[in-house]
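In my numbering, the protein residues as written are 10 to 147.
Have a look at the structure below, then the notes.
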């Protein structure tokens with residue numbers, strides 16, 4: 010039987026409030042069967058997703074005025090991280106050709122690190138990115 014870990018936190022959408030989110034991700038990764046290199050890469054992918062939300066909120070003048078919900082679920086099969094911001098259109102724009110070069114590179118990085126990525130956008134209701142990394146076989 011493998012390790013399990015679940016945590017959900019809500020932080021303000023601003024750079025200074027991301028420390029708590031980063032700590033939650035670190036705690037989950039410490040409990041995981043991933044090797045140190047994989048842990049660092051997953052942390053980078055999650056940090057990039059969170060940073061994209063903050064960057065977009067700054068551009069829209071909403072930094073610190075909306076919330077980011079981070080849900081972490083680790084089980085013996087996979088690590089699933091759900092990032093939700095109900096007032097941010099970043100993920101809807103992820104396929105937009107006008108997306109800034111650094112944001113496109115960040116999305117490419119996330120896709121290279123994680124095994125699965127899903128985006129759900131429903132205007133005014135839900136804006137979610139789910140990132141999954143399967144645990145190594147024993």
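Glycine included, C-beta positions come from ideal geometry on N, C-alpha and C.
Give the DSSP-derived three-state secondary structure of residue 134 in the structure shown. coil
Contact belief for residue 37 with residue 67 at Cβ below 8 Å, rounded distance in angstroms: At roughly 27 Å, the Cβ-Cβ gap does not stay under 8 Å, so residue 37 and residue 67 are not in contact.
Using CA atoms only, rank isn't needed, just tell me which of 115, 142 and 92 is closest to residue 130. 92
Taking the alpha-carbon positions, what's the residue 138 to residue 80 distance? Rounded to the nearest angstrom, the two C-alpha atoms are 11 Å apart.
Nearest-angstrom Cα separation, counted from residue 61 out to residue 76: 14 Å
What does the alpha-carbon distance come out to for the pair residue 128 and residue 136? 8 Å
Three-way DSSP call (helix, strand, coil) for residue 82 in this model: strand
With a threshold of 16 other CB atoms inside 10 Å of the CB of residue 143, please say whether the residue is buried or exposed. With fewer than 16 Cβ atoms within 10 Å of its Cβ, residue 143 is classed as exposed.
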